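Just so we're aligned: the sequence shown equals residues 1 to 299 in the UniProt record's numbering. Even glycine gets a Cβ: it sits at the ideal position worked out from N, Cα and C. Everything numeric in this text was worked out from a predicted model, so none of it was measured. What follows is one structure encoded as structure tokens, with my remarks underneath.
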Amino acid sequence: MEIITNAMRQLAREGLENGLDIIIGWKDGRFEWQSKPAFITEINDIESLNFNNYSLKNLSGYLLKKELKDKKIGIFLKGCDYKAYKQLVNYNQVDPENIQIWGIACPGLKERDFHGNTSNAERCQRCQEPVPEELETIIGKKEVAIQNSPEDKYQDVKKLESLATDERFDYWKDQISDCIRCYACRNTCPLCECTTCMIAGGDSNSDDWIDSAKEFSQDFFFHSIRAFHQAGRCVDCGECEEVCPVDIPISKINNKIRHDIENLYEMPEVADDDSVMGPLLDFREDDPEPGSKGGKENA
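Shown next as structure tokens:
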């Protein structure tokens with residue numbers, strides 16, 4: 001981690017000296033098991049940059065901030081962060097001409113639960129692209145980047161798919177019933193970039209399509225519609241699940257849809273470039289019906 005941190009500081013210094021307005025990276029939190037975003041505009045603050053075992057935060061979402069419009073930005077991105085950035089570019093949400101990206105070969109990070117237990121981050125155990133290979137500058141050693149087999153990608157989803165329909169519904173009812181509708185999952189998602197959310201209000205958090213009553217039907221509506229809106233876009237960065245105060249396994253919802261997209265459309269769950277439209281944004285005469293391939297038991 002020290003090698004990555006030192007390289008970050010050197011690149012940040014060079015970036016500011018060469019005309020960048022702001023550097024976005026990570027710095028230590030209050031406790032040793034914390035890491036938080038760092039926004040550096042002065043060379044004197046560069047030493048605060050630090051990449052540690054808990055630097056999980058996907059920084060790409062900060063590129064959407066109004067305050068950074070027309071700014072020249074330098075940003076550090078891990079593999080999953082870079083996938084989110086590419087989606088923002090594909091949807092014309094950010095201008096790549098104003099952004100300098102430095103990649104990080106992610107060695108796999110850790111997370112700490114509400115009980116103080118530390119473990120390897122679940123998102124890292126599923127990750128298939130820890131290194132943003134397309135970038136010219138990559139910090140860290142590629143040979144020590146986390147390596148998972150393709151079978152690891154959907155292990156959690158496959159366990160749920162093996163359950164009967166009623167059992168799956170009971171599982172999600174038990175999980176989603178805890179939702180307090182704080183919208184933290186939506187607010188932290190780098191790809192929930194709408195200025196006003198059609199199902200749950202805009203910056204004011206005013207409810208639109210959702211009743212304010214605390215009912216399972218309303219909670220289920222929010223999570224299911226949000227998951228559909230992320231189909232073909234979600235990069236499994238794990239931000240939604242990380243910030244959930246009641247520990248709902250939100251990533252499983254998104255990963256189930258990602259898994260279905262791969263099975264039904266025989267294509268990656270996220271398009272690599274803007275020349276390929278997401279499967280739910282495109283229509284073809286040979287598009288499969290949900291029950292024609294994979295079976296209704298997988299729907």
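Of the residues I75, C189, F76 and I101, which one's Cα is nearest the Cα of A227? C189
In three-state DSSP terms, what is A164? coil
Have a look at D95 and V89 and give me their C-alpha separation to the nearest angstrom. So the alpha carbons of these two residues sit roughly 7 Å apart.
Tell whether a beta-carbon distance below 9 Å holds between G103 and I73. No. Outside cutoff.
Measuring CB to CB, does K83 end up less than 9 Å from C197? no
How many angstroms separate the CA atom of Q87 from the CA atom of R233? 7 Å
Spatial distance of R126 from E47 (CA atoms): Roughly 32 Å separates the two Cα atoms.
Exposure of A105, with buried meaning 16 or more beta-carbon neighbours within 10 Å: Classification of A105: buried, given that the 10 Å Cβ count is 16 or more.
State buried or exposed for A38, treating a residue as buried only when at least 16 other CB atoms are found within 10 Å of its CB. buried
Rounded to the nearest angstrom, what separates I24 and L163 at their Cα positions? 43 Å
Out of Y54, W26, E2 and S60, which one is the CA nearest neighbour of D45? W26
Per DSSP, what kind of secondary structure is Q100 in: helix, strand or coil? It is a strand residue.
Assigned exposure category for E111 - 16 Cβ within 10 Å defines buried: Burial call: buried.
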